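Novice: Quick note: the sequence shown, position 35, residue 35 per full-length UniProt numbering, numbers continuous. Mind looking over this structure? Questions follow.
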Amino acid sequence: MSVAAFIASRRTEHDVPHAVACRALGVSESWFYKWRDRPPTPRQDRRTRLTDAVRRVFDASGGTYGSPRIGDELREQGWRVSDNTIAALMAELGLVARVQRRRRGLTRQGKRPAAPDLVKRQFTAPAPDVAWCGDMTEIVTGEGKLYL
């Protein structure tokens with residue numbers, strides 16, 4: 001962060017006037033206002049557009065793309081940018097790719113015959129101790145899965 005950006009942030013975060021911050025840091029107010037009012041440089045402009053493009057591709061992927069895949073997408077769009085630059089931008093923006101885990105079923109279709117439906121989908125019994133049915137609950141622990 002530059003000195004001028006620091007002065008500007010003090011105003012917004014702590015209500016310290018620019019004049020006081022400039023005096024404390026030993027810079028002139030005119031220099032600060034010149035810095036604040038100047039147009040962005042071509043490099044800053046490109047960085048802003050790149051940041052927007054990275055965020056757009058990341059959001060379009062549902063938050064699953066990391067820097068290599070975002071880099072591939074941006075290069076297809078015509079950007080000349082490295083994966084490391086994209087990774088640094090993602091870190092600044094707080095964008096972290098999530099791995100999509102495949103859903104894994106506990107039963108495999110077609111391997112064994114299905115168990116017969118002895119209660120015929122009627123889960124209310126006419127009297128106590130006539131029909132028993134239940135549900136299996138999976139509890140994920142640090143040592144593995146437990147089933148209740």
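Here a beta-carbon is modelled for each residue, glycine too, at the ideal position from N, C-alpha and C. On a predicted model such as this, the values are computed, not experimentally measured, just so you know.
Whose C-alpha, out of ALA127, PRO113, ALA131, is nearest the C-alpha of LYS120?
Specialist: The candidate whose alpha carbon is nearest that of LYS120 is ALA131.
Novice: Nearest to GLU76 by CA position, among ALA88, VAL54, ALA87, is which residue?
Specialist: The shortest Cα separation from GLU76 among ALA88, VAL54, ALA87 belongs to VAL54.
Novice: Going by DSSP, what residue range makes up the beta strand (DSSP E) through THR141?
Specialist: 138–141 is the span of the beta strand (DSSP E), which, as asked, contains THR141.
Novice: In whole angstroms, what separates the C-alpha of ASP15 from that of ALA8?
Specialist: Going from the Cα of ASP15 to the Cα of ALA8 covers about 10 Å.
Novice: Which same chain residues, not among the five before or five after residue 159, have their C-beta less than 7 Å away from its C-beta?
Specialist: Nothing can be reported for residue 159, as the shown portion of the chain is limited to 1 through 148.
Novice: Out of GLY142, MET136, GLY105, which has the shortest C-alpha to C-alpha gap to LEU148?
Specialist: Here the closest residue by C-alpha is MET136.
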